[in-house]
Structures are given as C-alpha cells and as structure tokens.
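Participant:
Numbering (the working numbering), first residue to last: 887 to 1087.
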C-alpha cells in the first residue's frame, strides 16, 4: 500500500507514473496529502488508473500511499521530454511491504556483451533514530569468488541522499543514488528491509 518512488538525477524532469488499484474506490495520496480516487479496479485512464508526472515542478522523490493495495509503473520519456540525451525506459515500483534485507546485482555487461557507460543504483532505506544511514547498510563486491563488504557510506560518500517527506509506519526513509564501480557481481544488505532500483546510461 506504500510506494517510495525514487528520482534519477540524470534527468531534469521527474518521471511519469501509472498507478493501478486492486479494489474499486481506492484513495491514493502523495506525500501524505489528499490525493486522487481510483474508481475502478482496472479500465480507462481517470477511472481505472491514474497517470501523471510524479512531480510537475521538480525532479524529486515521492511517497504514494493508499487505503487498498496498489501497483505502479514508472516511465521516463526520451530526450524530447527534457533535452537530456537518454533512451526511454520503464520499471515497476514495488511496495515497502516487499522490501528485502539483501539483493544480488549483476550489471548487464558482466559477460562482455551489451553494457552501459554507467550503472546507477537507487537504494531506499530506513534512517536511524538519529537520522543517519544505518551502520549495517553495506555494499559487497565479488572478488575471486568471494564478497568483500564495505559500508555503503564508505563506498559512495556520507550523504544520506534524498529524504522522503512523509513518515512510513512512523519511520523516515531516504533514497541514495550510487554509481556502480564497473561491471561485476555485487550485493547490498542491511538489517532492516531496503528497496533497490538499478538503471544504466
């Protein structure tokens, strides 16, 4: 019921998002403010789903929440949208309830085939009570068949990233964007569940 939508700093405009509801008459809120009603569980735009820019005024993170289960797909247009040289892409946004404590990451160019110049990660995590990055949020790199672990902030800098403006289950969350150091197999882990999105340019 709660979707933490990241931003991608390589684009000027925020993405478009399409939100569907499992049940009819589902109220969807943005950043804990009054939102829109999805009248039907499927159908045409406006009644069966909502389709909008995440933020019409800036490229920012956003919290979508609802009183019934929702799903969302995130769309970036081609460069005609913001004059940034880029290919269009889309990805599913999954709910906080499905976050995991660990992920394995394989970059597309690991086998020597098609690769991106840069692979970006957006790590969405719960801030500590002191509004800092958790000590156990770690990034692992495969080296000779073993995973070598380092704290995420040591790998990608101390900034906590973009903080979501509304609490989720009474907790603050942030989204930190990282550039992966080359093609390889990586892992990310944390004691509290985290979200992870990856894209390449």
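The beta carbon of each residue, even a glycine, is placed where N, CA and C say it ideally should be.
1. Could you check the C-alpha separation between residue 1021 and residue 1036 for me, to the nearest Å?
2. In the DSSP assignment, find the unbroken alpha helix (DSSP H) run with residue 1075 in it and report its ends.
3. Is it buried or exposed, residue 944, if we count other Cβ atoms within 10 angstroms and call 16 or more buried?
4. What separation, rounded to the nearest whole angstrom, lies between the Cα atoms of residue 1040 and residue 925?
5. May I have the straight-line CA-CA distance separating residue 1056 from residue 934, to the nearest angstrom?
6. Verify whether the separation of the beta carbon atoms of residue 1017 and residue 1046 is less than 9 Å.
7. Nearest CA to the CA of residue 889: which residue from 985, 1042, 1027?
8. Work out the CA separation of residue 919 and residue 996 for me, nearest whole Å.
9. Using a Cβ-Cβ cut-off of 6 Å (strictly less than) and excluding sequence neighbours within five positions of residue 1005, which residues of its own chain qualify?
10. Can you tell me the Cβ-Cβ gap for residue 972 and residue 896, rounded? I've got them flagged as a contact below 8 Å.
11. From this set, 1054, 1070, 1080, 1068, which residue's C-alpha is nearest residue 1062's C-alpha?
12. Is it the case that the Cβ atoms of residue 956 and residue 901 are separated by a distance below 9 Å?
13. Report all residues from its chain with a CB closer than 6 Å to the CB of residue 915; omit the five preceding and five following residues, and keep chain order.
14. How big is the Cα-Cα spacing for residue 947 and residue 954?
15. Where do the N-terminal and C-terminal ends of the alpha helix (DSSP H) with residue 1042 fall, by residue?
Facilitator: Judging by the given coordinates:
1. Sequence index remark: in the chain shown, residue 1021 carries index 135 (1-based). Sequence index remark: in the chain shown, residue 1036 carries index 150 (1-based). About 10 Å.
2. The residue labelled residue 1075 in the question sits at position 189 within the chain shown. Per DSSP, residue 1075 belongs to no alpha helix (DSSP H); it is in the beta strand (DSSP E), 1071–1086.
3. The residue given as residue 944 occupies position 58 in the chain shown. By the 10 Å Cβ count, residue 944 comes out exposed.
4. Residue 1040 sits at position 154 when you count from the first residue of the chain shown. Residue 925 sits at position 39 when you count from the first residue of the chain shown. The straight-line gap from Cα to Cα measures roughly 47 Å.
5. What you label residue 1056 is simply residue 170 of the chain shown in a count that begins at 1. What you label residue 934 is simply residue 48 of the chain shown in a count that begins at 1. Residue 1056 and residue 934: Cα-Cα distance of roughly 30 Å.
6. The residue given as residue 1017 occupies position 131 in the chain shown. The residue given as residue 1046 occupies position 160 in the chain shown. It is a contact, given that the beta carbons lie within the stated cut-off.
7. To locate residue 889, count along the chain shown from 1; it is residue 3. Measuring from the Cα of residue 889, the nearest candidate turns out to be 985.
8. Within the chain shown, residue 996 is the residue found at index 110, counting from 1. Within the chain shown, residue 919 is the residue found at index 33, counting from 1. So the two alpha carbons sit approximately 43 Å from each other.
9. Residue mapping note: residue 1005 aligns to position 119 of the chain shown, counting from 1. If we look at residue 1005 and ignore the five residues flanking it on each side, its Cβ neighbours are 993, 1066, 1086.
10. As a first step, residue 972 must be located in the chain shown, where it is residue number 86. As a first step, residue 896 must be located in the chain shown, where it is residue number 10. Residue 896 and residue 972 do touch by the CB rule: their CB atoms are close to 7 Å apart, below 8 Å.
11. The count along the chain shown starts at 1 and reaches residue 1062 at position 176. Ranking 1054, 1070, 1080, 1068 by Cα distance to residue 1062 puts 1080 first.
12. Working through the chain shown from its first residue, we reach residue 956 at position 70. Working through the chain shown from its first residue, we reach residue 901 at position 15. The answer is no: Cβ separation not under 9 Å.
13. For the purposes of this step, residue 915 is taken as the residue at position 29 of the chain shown. For residue 915, where only same-chain residues beyond five positions count, the Cβ hits under 6 Å are 921, 951.
14. Working through the chain shown from its first residue, we reach residue 947 at position 61. Working through the chain shown from its first residue, we reach residue 954 at position 68. Their Cα atoms are separated by approximately 22 Å.
15. For this step, residue 1042 is matched to residue 156 along the chain shown. Looking at the DSSP string, the run of the alpha helix (DSSP H) that includes residue 1042 is 1038–1042.
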